[in-house]
Every structure is written in C-alpha cells, then in structure tokens.
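**Q** For the protein sequence lines, the chains are A and B, in the order given.
Note that the working numbering has the first sequence beginning at 19, numbered continuously upward.
Note that the working numbering has the second sequence beginning at 19, numbered continuously upward.
2 protein chains.
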Amino acid sequence: MNLREFLKKQGLNFTKQREIIFSTLYNNPNHLTAEDLYLVIKKQHPELNIGIATVYRTLAMLEENGLISFIQCSNGKKFEISKSHHDHLICTACGKIVEFHNNEIEKLQEKIAKENSFKLTNHIMQLYGLCEECQKKEKEKL
Amino acid sequence: MNLREFLKKQGLNFTKQREIIFSTLYNNPNHLTAEDLYLVIKKQHPELNIGIATVYRTLAMLEENGLISFIQCSNGKKFEISKSHHDHLICTACGKIVEFHNNEIEKLQEKIAKENSFKLTNHIMQLYGLCEECQKKEKEKL
DNA sequence: GTCAATGCAAAATATTTGCATTCGT
DNA sequence: ACGAATGCAAATATTTTGCATTGAC
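1) Taking contact to mean at least 3 C-beta pairs separated by less than 8 Å, is the region 110-118 of chain B in contact with the region 115-124 of chain A?
2) Is DSSP giving residue 140 of chain B helix, strand or coil here?
3) Does residue 132 of chain B come out as helix, strand or coil in the three-state DSSP assignment?
4) Tell me the rounded alpha-carbon separation between residue 42 of chain A and residue 78 of chain A.
5) Candidates A/85, A/105 and A/48: which alpha carbon is nearest residue 142 of chain B's?
6) Over the uninterrupted alpha helix (DSSP H) stretch that includes residue 35 of chain A, give me the two end residues.
7) Would a check of beta-carbon distances place residue 143 of chain B closer than 9 Å to chain A?
8) As an exercise, report each continuous beta strand (DSSP E) stretch of at least 3 residues that is fully enclosed by the region 67-117 of chain A, in chain order.
9) The alpha helix (DSSP H) spanning residue 65 of chain A covers which residue range?
10) I want to see whether chain B comes within less than 9 Å of residue 146 of chain A, judged by CB atoms only; does it?
11) For the region 130-146 of chain A and the region 22-40 of chain B, state whether three or more C-beta atom pairs, one from each stretch, are separated by less than 8 Å.
12) Are residue 138 of chain B and residue 127 of chain B touching if we call contact CB-CB under 9 Å?
13) Name the two residues that bound the continuous alpha helix (DSSP H) containing residue 50 of chain A.
14) Residues of the region 27-48 of chain A in Cβ contact with chain B at a cutoff of 9 Å, in chain order, please.
15) Residues of chain B with CB under 9 Å from residue 110 of chain A, in chain order?
16) Using a Cβ cut-off of 8 Å, pull out every chain A residue sitting near residue 107 of chain B, in sequence order please.
17) Is it true that the region 89-100 of chain A meets the region 43-54 of chain A, where meeting means three or more beta-carbon pairs spaced less than 8 Å apart?
18) Does the Cβ of residue 70 of chain B have 16 or more other Cβ atoms within 10 Å, making it buried, or fewer, making it exposed?
19) Tell me which residues share the same chain as residue 38 of chain B and place their Cβ nearer than 7 Å to its Cβ, disregarding the 5 neighbours each side in the sequence.
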C-alpha cells in the first residue's frame, strides 16, 4: 500500500509526519503505543520536531481507514500495520507477542454471531499465558 | 461465594464498602466501569460516602483474586462477577453486550498455544458487530 | 490497641482539543 | 492563496498514590 496514493485518494495531504509515522510502524516488528512511536520518532528524526498530538491524530486516521490496527493492552493501545487478519498470543511475563491465524475459529465466531443475530465487523482474541522461555524461568525459580 | 468468608481466608477485613461494591456488581446485569460503580453506589448508598479510590482498589483486589473479571473496552475496563468462563459479543452501535461460551473455540485456542509452546492462563475474545436492532436501524437510515 | 482500609486531594498517565502557525497542493 | 495539518499548551479522562483518619477485629 502506497501511503501517498492512499492519502490522495482520501483527499488528505501527504506530510513528512504521516510518512514517518507510517514507515516507523512498518519497519518496526513490535507493536507500539502512541507514546512509543512519539519517542522513537523524536530520537530518529529530531529535525522533524514531531508533536504527540500529531501521532495520536495520525494513528486514529490510519486506524479508521484500516491501514493499521491495534490491540488493547493494559497500558493502552498498541498499533501495528494491518496485515491479513490475525490474533495474538501474549506472554504475561516478558510481554512477547506472537501472531497467529486460525480459520476454524473464525468460522465458529461467525456461527456464534449468526446464532445471536449479530452482523460481525471485527473481533479481538488475545490468548494470555507463558511463553516457552518464561515457563523455564518459572521452573528454575522453584 | 461468600465474600465475608473469602476475605477472612485471605486475611483481609470485611468492610461495608467491599460488601456493597461486590453486591452492586452481583445484582447488576450490566458490565460496569469503576466510574459507573462509583456513581451507582454514591446514589444508592449516599450515607456510605464512598471514595473513587476505594472502588479502584477493591476492584483490583477482587480481580486479582478471581472473584470478578473485566473486559477492556475503549472507555476503560468493564467489570462483572466471574461466572463460568465466557466471551462477549459487543454491539458497536448501542453497546449491548451478549455473553457466550464455545468449547470448540476453547479447544482450538489450547491447540494454538501448544503449537507455539505457550502455557495458557487466560484469554479474551470479543466479537464486534451490529446487533439485530441496530442492523434494522441502519437499514431505516438509508 | 493495632494495623488494615478508607476518603480526600494531589499526582501520574493517557488522550483530546483549541488555536495560532506552517505547510502541501 | 487556501484550507488542511501541525506543534504547543491547556483541558479531559482515567487511574494511582501519599497521608491523615477511621474502622475492623
């Protein structure tokens, strides 16, 4: 997805700030909060003198348009570039996030929605637990 | 679950505030935020003169001990009494929440965790969409 | 009486908004 | 040039914390 073209199509201006917010998310394998992004960009592009409000506004705009998505964590929303739909396994000890996709579950979700006369637009599924390493660390503690 | 006995077992004091926070959640069919609870209790038990900090502290304590659970909504955590595990269908138009449980999905979640060497402790799954009434309203608008 | 729990107010966090200025087209 | 987008600072909203006081046991 070309950001410049996308913005043009929406009648929005292409700006250095929007470009960098998008590319920073694009090039970062992690899920980032608005604050994270703000700090990273401030460090990597000090000449830009970016404002936190711009980060929030841009993230909201990109999210509304489906270019990025987020998971709601205890410390706020964490954003990522929208790829094909996937859900998350989250380690409660080290915070590691693993993405996965499962068609069977998606079908069952649709079935449940149908049974309740809901028309689904979206969903979140987050599985919390301990990753392999943190399970080992747990054992060592004992 | 008897709150008084539970607190005793944990070495915690039984207080009027804790009793009322718990019973208010218990008797309310809705999912309530800390703020919601604070306002309801203030109205229904003005003599108690409850503080918002007590509500937050009590909810955190009850949640840590598994007596209540919450779903993370855009406007904060919404609490409910812990019943047998279930997930949520949420109408994005009117905010209606429908609870459901599906064993097949739970099994698939365990399978996914196993494939990724995670040991699951918990999960959240929220399906967003339009409930029957709001779908009708949508149509009427056009 | 002792220590846990509370209310209050202040602090910390997270996010949004108003507005003058800058920038993209 | 014009309106959209920005940075800044102030405003909001949400949750947490310090502390003196109250209340449970």
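Cβ coordinates follow ideal geometry from the N, Cα and C atoms, glycine included.
These figures come from a predicted structure and were not determined experimentally.
**A** Well, looking at it:
1) no
2) Under the three-state reduction of DSSP, residue 140 of chain B is assigned to strand.
3) Here DSSP, grouped into helix, strand and coil, assigns residue 132 of chain B to helix.
4) Looking at the backbone, the Cα of residue 42 of chain A and that of residue 78 of chain A are separated by about 16 Å.
5) A/105
6) 34-45
7) yes
8) 86-91, 94-99 and 105-109
9) Looking at the DSSP string, residue 65 of chain A is not in any alpha helix (DSSP H), and its letter there is neither H nor E.
10) yes
11) no
12) yes
13) Run containing residue 50 of chain A: none; DSSP gives neither H nor E here.
14) none
15) Contact note: residue 110 of chain A reaches chain B through 139 and 140, using a C-beta cutoff of 9 Å and chain order.
16) Neighbours of residue 107 of chain B on chain A, chain order: 130, 131, 134 and 136.
17) yes
18) In summary, residue 70 of chain B is exposed, with fewer than 16 beta-carbon neighbours lying within 10 Å of its beta-carbon over all protein chains present.
19) 59, 63 and 66
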